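**Q** Once you've had a glance at the structure underneath, I'll fire off some questions.
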Amino acid sequence: MTSPSPSTDAVAVPAVAVDAVTKTYGDRKAVDGVSLTIRRGEFFGLLGPNGAGKSTLVEIMEGLRKAESGSVAVFGESPWPRNTALLPRMGVQTQSSAFFVRQTVHEHLRTVAALFGAPSKAVDETLEAVGLGQMRDIRVDNLSGGQRQRLAIASALVHGPELIFLDEPTAALDPEGRRDLWEVLRDLKAEGRTIVYTTHHLDEAEALCDRVGILVAGRLVVTDEPQHLINTFGASSRLLVPLGRIDEDQARELPGVDGVMVQGGHLVLETRATGQVLSALDARGGLDGVQTRTPSLEDVYLELTARQSPLASQHASNNQEQQA
Ligand code: ADP
Ligand code: MG
1 MTSPSPSTDA
11 VAVPAVAVDA
21 VTKTYGDRKA
31 VDGVSLTIRR
41 GEFFGLLGPN
51 GAGKSTLVEI
61 MEGLRKAESG
71 SVAVFGESPW
81 PRNTALLPRM
91 GVQTQSSAFF
101 VRQTVHEHLR
111 TVAALFGAPS
121 KAVDETLEAV
131 GLGQMRDIRV
141 DNLSGGQRQR
151 LAIASALVHG
161 PELIFLDEPT
171 AALDPEGRRD
181 LWEVLRDLKA
191 EGRTIVYTTH
201 HLDEAEALCD
211 RVGILVAGRL
221 VVTDEPQHLI
231 NTFGASSRLL
241 VPLGRIDEDQ
251 ARELPGVDGV
261 MVQGGHLVLE
271 TRATGQVLSA
281 LDARGGLDGV
291 QTRTPSLEDV
301 YLELTARQSP
311 LASQHASNNQ
321 EQQA
């Protein structure tokens with residue numbers, strides 16, 4: 001392995017620095033002026049609807065695609081054109097990972113490990129870590145979608161890279177497999193590795209990520225810690241009150257209530273002043289059976305993506321037309 005030069009390897013140098021990066025396909029801006037710095041040891045989640053440009057942006061960071069304008073530095077060096085000094089330090093799982101399909105799981109990972117000069121014991125350890133220990137002698141082309149996904153992840157991890165890129169690694173996994181992978185990723189993070197990943201699972205991003213960035217139509221609309229995002233955007237909490245406790249009009253009049261609807265046997269009160277509404281409810285028939293739903297990253301995400309989407313204004317005008 002090539003040792004990085006001390007000047008570029010100072011801890012102050014971020015894992016990834018993206019500055020004003022743009023990528024256009026035809027007349028479509030897949031990535032539109034994105035700037036982003038990912039610290040070493042950080043677990044960073046890139047979120048956004050399909051087609052937002054997540055994969056394009058990640059592949060530019062990985063050096064698999066060339067930015068049209070702007071600059072990218074990984075550990076202070078340009079990943080493009082293919083930078084052999086960076087390859088051992090990065091682990092990459094793409095959305096269309098390639099496999100040696102005629103090999104067994106173990107042979108496949110051994111081949112990948114050999115490419116990076118990783119020790120053979122890393123092969124068994126990594127297969128265990130991703131839950132493929134029992135599948136080692138199965139041919140790759142006989143694996144299920146979820147098992148292939150695990151193998152793709154193993155292929156990104158086997159050489160013990162400092163910086164790990166995973167593009168929707170939990171997409172094909174069942175809930176149990178997803179939880180197992182969370183543990184693997186948490187362990188990697190605890191070892192001080194940097195993880196950059198994309199996901200559509202907002203609960204997962206909230207549970208795992210130090211920071212998330214939300215990409216909409218190629219633009220990074222926000223970058224923040226999940227909890228801070230939730231607090232800043234002040235998404236509403238919801239109080240679920242058993243039907244019959246108070247009627248809808250009374251509920252609407254309660255101080256602190258922003259909205260009221262009936263849903264699944266409950267009166268749902270939206271509020272940004274949970275304490276106030278709870279004490280008002282308590283005074284009018286008690287809190288028995290009242291449930292509180294705190295806002296989640298998903299609430300913020302849905303609000304932001306709806307607001308920022310190029311379709312949002314179109315939807316709004318369509319709605320107006322329908323109402324007219
Ligand atoms: P995401 O990963 O967020 O779903 P992508 O980065 O895959 O988004 O795609 C962003 C946009 O760029 C989409 O409109 C997609 O159709 C387009 N795109 C991606 N790759 C190519 C390509 N190789 N050629 C042409 N258009 C592409
Ligand atoms: Mg993608």
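Under UniProt numbering, the sequence shown has 89 at position 89, and the numbering climbs by one with no breaks.
The C-beta atom is built at its ideal place from N, Cα and C for all residues, glycine as well.
Given the structure is predicted, the values throughout are model-derived calculations rather than measurements.
Looking only at its own chain, which residues have a Cβ that is under 7 Å from the Cβ of Q308, when we skip the five neighbours before and after it?
**A** Position 308 of the sequence shown, counted from the start, is the residue given in the question as residue 308. Taken in chain order, the residues that qualify are V216 and V221.
**Q** Any heavy atom of the ligand MG closer than 6 Å to the beta-carbon of Q149?
**A** Position 149 of the sequence shown, counted from the first residue, corresponds to residue 149. Result no, Cβ not under 6 Å from the ligand MG.
**Q** Measuring alpha carbon to alpha carbon, tell me which of G117, R136 and G26 ends up nearest T104.
**A** The sequence position of residue 104 within the sequence shown is 104, counting from 1. Nearest of G117, R136 and G26 to T104, Cα basis: R136.
**Q** Find the nearest neighbour of Q291 within the set V300, G275 and A306, judged by alpha-carbon distance.
**A** Taking the sequence shown and counting its residues from 1, one reaches residue 291 at position 291. Ranking V300, G275 and A306 by CA distance to the CA of Q291 puts G275 first.
**Q** Could you check which residue in T111, R272, S237 and F44 has the C-alpha nearest to that of D167?
**A** As a first step, residue 167 must be located in the sequence shown, where it is residue number 167. Answer by Cα proximity: F44.
**Q** Is the beta carbon of T194 less than 7 Å from the beta carbon of R40?
**A** For this step, residue 194 is matched to residue 194 along the sequence shown. For this step, residue 40 is matched to residue 40 along the sequence shown. Result yes, Cβ atoms of T194 and R40 sit closer than 7 Å.
**Q** Could you give the distance in angstroms between the alpha-carbon of residue 368 and the alpha-carbon of T56?
**A** In the structure as shown, the chain begins at 1 and stops at 324. Residue 368 is therefore absent and cannot be evaluated.
**Q** Start and end of the alpha helix (DSSP H) containing E214?
**A** Here residue 214 refers to the residue found at position 214 of the sequence shown. Reading off the sequence shown, one finds Ile at residue 214, where the question assumed Glu. Unbroken run through I214 is the beta strand (DSSP E), R211 to V216; no alpha helix (DSSP H).
**Q** Among all residues, which have a Cβ less than 7 Å from at least one non-hydrogen atom of the ligand MG, and in what chain order do they fall?
**A** Those residues placing their Cβ nearer than 7 Å to any heavy atom of the ligand MG are, following chain order, K54, S55, Q95, D167, E168 and T198.
**Q** Within 10 angstroms of the Cβ of D299, are there 16 or more other Cβ atoms? Answer buried if so, exposed if not.
**A** The sequence position of residue 299 within the sequence shown is 299, counting from 1. Classification for D299: buried.
**Q** Is any heavy atom of the ligand ADP found at a distance shorter than 6 Å from the C-beta of N50?
**A** Reading the sequence shown from its first residue, position 50 is the one you call residue 50. Yes; taking the cut-off as 6 Å, the Cβ of N50 has a heavy atom of the ligand ADP nearer than that.
**Q** Any contact between the stretch 111-128 and the stretch 62-79? By contact I mean 3 or more CB pairs, one from each, below 8 Å.
**A** With the rule of 3 Cβ pairs closer than 8 Å, the stretch 111-128 does not count as touching the stretch 62-79.
**Q** With V140 as the anchor, note down where its alpha helix (DSSP H) starts and where it stops.
**A** As a working note, residue 140 is residue 140 in the sequence shown. That residue, V140, is in no alpha helix (DSSP H); it is neither H nor E in DSSP.
**Q** Between the alpha carbons of M261 and D249, how many angstroms are there, rounded?
**A** To locate residue 261, count along the sequence shown from 1; it is residue 261. To locate residue 249, count along the sequence shown from 1; it is residue 249. Computed Cα separation, rounded: 10 Å.
**Q** Sorry if obvious, but does the Cβ on A30 come closer than 6 Å to a heavy atom of the ligand ADP?
**A** By one-based count along the sequence shown, residue 30 stands at place 30. With a cutoff of 6 Å, A30 counts as near the ligand ADP, since its C-beta is closer than that to a heavy atom of the ligand.
**Q** Given the structure, does Y301 come close to the ligand ADP, in the sense that its CB is under 6 Å from one of the ligand's heavy atoms?
**A** Working through the sequence shown from its first residue, we reach residue 301 at position 301. It does not: the Cβ of Y301 is nowhere closer than 6 Å to a heavy atom of the ligand ADP.
**Q** From the DSSP output, which residues share a beta bridge with G275?
**A** To locate residue 275, count along the sequence shown from 1; it is residue 275. Bridge partners of G275: none, in fact.
**Q** Could you tell me the alpha carbon to alpha carbon distance between G289 and D19, rounded to whole angstroms?
**A** One-based indexing of the sequence shown puts residue 289 at position 289. One-based indexing of the sequence shown puts residue 19 at position 19. About 51 Å.
**Q** Using the Cβ count rule (16 or more neighbours within 10 Å means buried), how would you classify A251?
**A** Residue mapping note: residue 251 aligns to position 251 of the sequence shown, counting from 1. By the 16-neighbour rule on beta-carbons within 10 angstroms, A251 is buried.
**Q** Going by DSSP, which residues form a beta bridge with P242?
**A** Position 242 of the sequence shown, counted from the start, is the residue given in the question as residue 242. In the DSSP output, where bridge partners are listed per residue, P242 has H266.
**Q** Do G146 and K29 have their beta-carbon atoms positioned less than 7 Å apart in this structure?
**A** As a working note, residue 29 is residue 29 in the sequence shown. As a working note, residue 146 is residue 146 in the sequence shown. For K29 and G146, no; Cβs fall outside 7 Å.
**Q** Assign T271 to buried or exposed, taking buried as 16 or more other Cβ atoms, counted over all protein chains shown, within 10 Å of its Cβ.
**A** In the sequence shown, residue 271 corresponds to position 271, counting from 1. That one is buried.
**Q** Could you check where the alpha helix (DSSP H) with L64 kicks off and where it finishes?
**A** Here residue 64 is taken as the residue at index 64 of the sequence shown, counted from 1. From DSSP, L64 is part of no alpha helix (DSSP H); its letter is neither H nor E.
**Q** Return the first residue and the last residue of the alpha helix (DSSP H) that Q103 is part of.
**A** As a first step, residue 103 is located in the sequence shown; it is residue number 103 there, counting from the start. Here Q103 belongs to no alpha helix (DSSP H), and DSSP marks it neither H nor E.
**Q** Among P14, A15 and V34, whose alpha-carbon lies nearest the alpha-carbon of residue 334?
**A** Nothing about residue 334 can be read from this structure; the chain reaches only from 1 to 324.
**Q** Please report how far the alpha carbon of V13 lies from the alpha carbon of D187, in whole angstroms.
**A** Within the sequence shown, residue 13 is the residue found at index 13, counting from 1. Within the sequence shown, residue 187 is the residue found at index 187, counting from 1. Between V13 and D187, the alpha-carbon positions lie close to 23 Å from each other.
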